[in-house]
Amino acid sequence: MSVVYPQIRTSADLLKSTIRIEELIPFLKNQEAKSCAMVNSTLYGLLPFWHSVKQAGIHPVIGLNIRVQFTSETNLPMVIYAKNNEGYKNLLKISSSISIRDDLSIPWRWLMAYSKGCIAVVPMISENGIWVQESNISLLTQVKNVFKTDVYFGISRSGGIISTNENKAIYLSEHFKINCMAIQECLFLQPEEYFPYQVAQAIETGVKLSESIHNDEKNQFTPTKYNWEAWFHDKMNWLEQSEKVLLSCQVELINQGHYMPKYPLPEGKNAETELMKLAYKGLQERLKTDAPSEIYMNRLKYELNIIQTMGYADYFLIVADFMNYARSANILTGPGRGSSASSLVAFCLYITQVDPIHYGLLFERFLNPERITLPDIDIDFVDTKRQEVIQYVAEKYGKQHVAQIITFGSLSAKAVARDVARMFNFESETLSMISRLIPNKIGITLQEAYNTSEPFRKWIESEDIRKRWFLAAKKLEGLPRNASTHAAGVVLSPIPLVEVVPIEKGHDGIYLTQWPMQEVEQVGLLKMDFLGLRNLTILENIRKSIYYTTRKLIDFNNIPLDDEKTFELLKRGDTTGIFQLESDGMKNALREISPTHFLDIVAVNALYRPGPMEFIPVYARRKANKEPVVMPHPVLEPILNETYGVIVYQEQIMQIANVMAGFTIGQADLLRRAVSKKKREVLEEQQLAFVNGSVAKGFPEQVAKEVYALIVRFADYGFPKSHAVAYSLISYQMAYLKANYPANFYAALMINATGNQEKLFQLILEARDKGIEVLRPSISKSSRIFTVEKDCIRFSLSAIKGLPHPFLQKILEIRKSKSKPFEDLFDLAVSLSAIHFNRKVMEPLIKSGALDDFQKDRATLLTTLEAAEKHAEIVRPTEENDLFTSDSFVFGKPKYVEASPMPEKIKLQFEKEVLGFYLSEHPVSLERKKWSDMNETIKSIKSSTPNTYVKFVAMVEDIRQIRTKKGELMAFIQVQDEYGSISTTLFPKQYNEVIGWIQVDRIVYIEGVFEVRNGNPQLIVKIMKNHQ
1 MSVVYPQIRT
11 SADLLKSTIR
21 IEELIPFLKN
31 QEAKSCAMVN
41 STLYGLLPFW
51 HSVKQAGIHP
61 VIGLNIRVQF
71 TSETNLPMVI
81 YAKNNEGYKN
91 LLKISSSISI
101 RDDLSIPWRW
111 LMAYSKGCIA
121 VVPMISENGI
131 WVQESNISLL
141 TQVKNVFKTD
151 VYFGISRSGG
161 IISTNENKAI
171 YLSEHFKINC
181 MAIQECLFLQ
191 PEEYFPYQVA
201 QAIETGVKLS
211 ESIHNDEKNQ
221 FTPTKYNWEA
231 WFHDKMNWLE
241 QSEKVLLSCQ
251 VELINQGHYM
261 PKYPLPEGKN
271 AETELMKLAY
281 KGLQERLKTD
291 APSEIYMNRL
301 KYELNIIQTM
311 GYADYFLIVA
321 DFMNYARSAN
331 ILTGPGRGSS
341 ASSLVAFCLY
351 ITQVDPIHYG
361 LLFERFLNPE
371 RITLPDIDID
381 FVDTKRQEVI
391 QYVAEKYGKQ
401 HVAQIITFGS
411 LSAKAVARDV
421 ARMFNFESET
431 LSMISRLIPN
441 KIGITLQEAY
451 NTSEPFRKWI
461 ESEDIRKRWF
471 LAAKKLEGLP
481 RNASTHAAGV
491 VLSPIPLVEV
501 VPIEKGHDGI
511 YLTQWPMQEV
521 EQVGLLKMDF
531 LGLRNLTILE
541 NIRKSIYYTT
551 RKLIDFNNIP
561 LDDEKTFELL
571 KRGDTTGIFQ
581 LESDGMKNAL
591 REISPTHFLD
601 IVAVNALYRP
611 GPMEFIPVYA
621 RRKANKEPVV
631 MPHPVLEPIL
641 NETYGVIVYQ
651 EQIMQIANVM
661 AGFTIGQADL
671 LRRAVSKKKR
681 EVLEEQQLAF
691 VNGSVAKGFP
701 EQVAKEVYAL
711 IVRFADYGFP
721 KSHAVAYSLI
731 SYQMAYLKAN
741 YPANFYAALM
751 INATGNQEKL
761 FQLILEARDK
771 GIEVLRPSIS
781 KSSRIFTVEK
791 DCIRFSLSAI
801 KGLPHPFLQK
811 ILEIRKSKSK
821 PFEDLFDLAV
831 SLSAIHFNRK
841 VMEPLIKSGA
851 LDDFQKDRAT
861 LLTTLEAAEK
871 HAEIVRPTEE
881 NDLFTSDSFV
891 FGKPKYVEAS
901 PMPEKIKLQF
911 EKEVLGFYLS
921 EHPVSLERKK
931 WSDMNETIKS
941 IKSSTPNTYV
951 KFVAMVEDIR
961 QIRTKKGELM
971 AFIQVQDEYG
981 SISTTLFPKQ
991 YNEVIGWIQV
1001 DRIVYIEGVF
1011 EVRNGNPQLI
1021 VKIMKNHQ
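Residue numbers 1 to 1028, in the numbering used here, belong to the letters of the sequence shown in order.
As structure tokens, then:
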């Protein structure tokens, strides 16, 4: 007898099963299975299942486990198979219909509409035989009338147990003339995997194991051939019926080609002509001439010809259209991204801001006529407005034609360890300890952690419950846990998406595909990437800030690329906050290369990666004429000149193959791709072609081999120049703004850092270091964001801890409506009304200094709060009640409750409490004032030459204690003052002297030797004393 599996639920069904495809296939082969049906509650994982099962020589069947809503009270289970391709398309619609509804069921009338080409299996035994209950039997007539001969009763005997409802099901089978078939919903593979399955269920439902253990699913394992025969030995015809049903399902998932969307045009117009017209018009505008040069005209004709031949004219018009919308809606977009920046057509359509001819970019790197692929234009938008553009596309082309792409989160080692530990009811301290015991290594598995971390291994082996936890966690590791929206991917289809891919409810009225990016592309849908780039948001905030303070509107596309201040800033490596250039390593690279023109920035962005990084010193020395520029061959000089003989870009490899070996640029791109894979036979084949081509052009064979060896070496390292140029433009724009509008630049960075006190404090320190004063928060002048005020930065109200957003909005609304600033605490209380004025929100304002506007000491303001609250209750108890607000002086205004001036130390502690750091002054600067000879600061120390012996006062910020190889304790202590922080090292002798009293926030006196290690300043402590 052949074995079939009518109801396998796979792990793609998000913790409803632990059956992985890679484990299922060997099991099916071992059982000599003839067919297998995937029956999940969605169509997640359909394509991987289909192709894997088919490749294993087993007949795949596509099914859905659904609930059908017959009436508002009656919701019954059913399994639906796709019998043929029409049924498959209806299954896409059924799954989509269910997934966009809140109750995750399908109305019977909808299922009737999508029933063609489908087989219905009524699970007669499931849910305590709900289908055989008297109230539901009549519904079987409706099911029979719709599905006719394609309806079956599914009878399960899980674990060999015969249900008390089976006889009634057999009777109904005879009564309705509906055949029975053997089914078994498989939720885990082997019987011993029931416990990990339970844990997965507990994680999904959030119910701890101790509260959820039940046995009604313990027999839902995947039966062996022996199990099937043993369970249904008296009903072998049911097993035969299952086989017939599954083998009757003949669906062919044939690739239908690409679903290229169409750009809507008036009747009589076509995309090719429209694209040509817009491209030529754009070229004239870009070059500011009615007669562009021959080089531009020829390139444009060449690109248009390839685009039209490939059938991508509509695609370019679609992208140009939503980019045009973004500009009209004042949504900042990036200058380009990836290989699309190498297209002149994209430049002419204002899709990119990079002139590919000016920068020597190759169109074939984007669209290669010798390797047909879908175009891929990725667009960066201001991250807060990205969804607005997607909404525009959905409305223009119809919501049934546009969707964002799903992505799945899986249970990584640390995630599964914590999730399973929670289900085991482990203490929160234990959860944290487990995370610490698993090494911080990308992609590490639990087994790898067990093998490499002795503390982790010992902890597991110390108790049986921990061993059980570990086995369960290992079994669940890597399973899909949750679905979310892909950060960028959007699909656009010329036909309704449900004809091609299942969809589900998304966000903001935009649907979500049920299949991830790779599978969506596999079925021929066109993916576009709409990326939200935080740095564009920062750029936009800087531009707005500059306009508000100077009334000058910055045009990013017309910033001079030879600004002296900008290059001085780059040479100093003063690039904190600048896109792509702010890491310490990148700062060092900039100082080493000392950029003098834009292409240096492009080169640094391309070189600063593992591998090519080793050529940064070579590039720098050759640029500074400290080392001769060596060319592999004189003919390559025009190609490698701008990078001083170093191969930096993929485009250079393509150009070398073109010039030396006579490859077309398209062939050269194929060479680059092939060589980067490092397969021996491919390398030898390509070498032969390259050397033969070079010899045919008159180059010596040895030279050709040497150049080919260079190509092989750099193929992995080469960076797409188009992407480097586009992203370097953003880097340069930010550098330009930092060099020329520093206060506006730092204000925008501070807006971005709001909520991250550590980062915000570092930005404030850096701004002060550049002579930019950061003003305290002010109830009269501060905004919701950091603003520029006479070349200073005014602190933001939203950066004060403990102030709810609605309260801030209320303050700003009232302030805007008032004709003059708040006079005092009582005026503020009455303006807000007793509804909004209370101690909880006022204390943070006072402690931060925001109410210093009232010219009263902060201690007095705190002691007067109660009187101000009572005054508001009398004069304006509610917002509506403002009868006395204009004449409150008639009743007399209370007086301040005077208090002794707040000590400076307490004032600073309060600032740190509500701001996260000291703002008006620093305790260290107060301490330093007491000592006339104590002038050294962390800022002055960092500018010292290495090996200088220094003495200074600082505050302890962080203590990290470690043991030496001898087992002695030592520590790395971070200390700070008002100018910044520095890492100090205390070896065992010095640390032993302070270990008894050292603590965070303690002010200490330090003597030591200043060092710079790997570009990072640090201090070797010789003496540390308690200064308090």
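The beta carbon of each residue, even a glycine, is placed where N, CA and C say it ideally should be.
Here the structure is a predicted model, which means the values were calculated and not measured.
| Query | Result |
| --- | --- |
| Sequence-distant residues of the same chain with beta carbon closer than 6 Å to PHE884, five excluded per side | Unreliable placement is indicated for PHE884, whose pLDDT of 47 sits below 50; the coordinate value is still reported in the next sentence. For PHE884, where only same-chain residues beyond five positions count, the Cβ hits under 6 Å are VAL875. |
| Nearest neighbour of SER340, chosen from LEU569, PRO720, MET260 and THR407 [CA to CA] | PRO720 |
| DSSP beta-bridge partners of ILE772 | Partner(s): none; ILE772 has no beta bridge. |
| Coil, strand or helix - ASN167 by DSSP | helix |
| Extent of the continuous alpha helix (DSSP H) to which SER545 belongs | 534-550 |
| Length of the line joining the Cα atoms of LYS505 and THR205 | 21 Å |
| Continuous beta strand (DSSP E) stretch holding SER796: start and end | From DSSP, SER796 is part of no beta strand (DSSP E); its letter is neither H nor E. |
| Of the listed residues ILE130, SER126 and SER173, nearest to SER158 (C-alpha basis) | SER126 |
| CA-to-CA distance, TYR708 to THR643, given in whole angstroms | 19 Å |
| Sub-8 Å separation of GLU936 and LYS912 beta-carbons | no |
| Close Cβ partners of TRP997 (< 8 Å) along its chain, the five nearest in sequence each way excluded | ASN1026 |
| Spatially closest choice to SER50 from LYS288, ILE8 and THR664, by CA coordinates | According to the sequence as given, residue 50 is Trp; it is not Ser. Residue ILE8 is the option with its Cα nearest to TRP50. |
| Residue environment, ASP600, which counts as buried when at least 16 other CB atoms sit within 10 Å | buried |
| Supposed close pair PHE381, THR452 - CB separation, criterion 8 Å | Their Cβ separation, rounded to whole angstroms, is 42 Å, which puts PHE381 and THR452 out of contact at 8 Å. |
| Three-state secondary structure assigned by DSSP to CYS249 | coil |
| CB-CB length for LEU361 against VAL725, believed under 8 Å | 7 Å |
| Nearest candidate by alpha-carbon position, reference PHE176, set TRP931, GLU192, LEU187 and SER138 | SER138 |
| Straight-line gap, GLN961 to ILE1006 (C-alpha atoms, nearest Å) | 18 Å |
| Cβ pair ASP791, ALA739 closer than 8 Å | no |
| Environment of MET734 [buried if 16+ CB atoms lie within 10 Å] | buried |
| Cross-strand partners of SER484 (DSSP beta bridge) | THR407 |
| Contact between the segment 81-92 and the segment 477-496 (3+ Cβ pairs under 8 Å) | no |
| Cβ separation of LEU446 and LYS467, assumed to be a contact under 8 Å, to the nearest whole Å | Contact flag wrong, Cβ pair sits at about 12 Å. |
| Spatial distance of HIS486 from GLN404 (CA atoms) | 7 Å |
| Closest residue to TYR5 among ARG20, GLU592, ALA33 and LEU737 (Cα-Cα distance) | ALA33 |
| N- and C-terminal bounds of the alpha helix (DSSP H) containing LYS693 | Reading off the sequence, residue 693 comes out as Gly, not Lys. 680-696 is the span of the alpha helix (DSSP H), which, as asked, contains GLY693. |
| Spatial neighbours of SER782 in its chain, beta-carbon cut-off 8 Å, leaving aside the 5 residues before and after | ARG794, PHE795, SER796, LEU797 and ALA850 |
| Own chain partners of ILE438 with C-beta closer than 8 Å, once the 5 adjacent residues on each side are dropped | ALA413, LYS414, ALA417, ILE444, LEU446, ALA449, SER453 and PHE456 |
| Neighbour-count burial assignment, HIS723, 16 or more Cβ in a 10 Å radius | buried |
| Residues of its chain near VAL956, where Cβ-Cβ distance is below 7 Å and the 5 sequence neighbours each way are ignored | ILE973, VAL975, ILE998, GLN999, VAL1000, ASP1001, ARG1002 and VAL1004 |
| Under 8 Å between C-beta atoms of LEU808 and ARG784 | yes |
| Residues that DSSP places opposite ASP1051 in a beta bridge | With the chain running from 1 to 1028 in the structure shown, residue 1051 is simply not present. |
| Proximity to TYR392 [Cα-Cα], best of GLY573, GLU968, TYR325 and MET970 | TYR325 |
| Option nearest ILE995 by Cα separation, candidates GLY645, ASP958 and ALA971 | ALA971 |
| 7 Å Cβ shell around ASP314 - same chain, five flanking residues per side excluded | MET260, PRO261, LYS262, TYR263 and ALA271 |
| SER831 beta carbon less than 8 Å from that of LYS820 | no |
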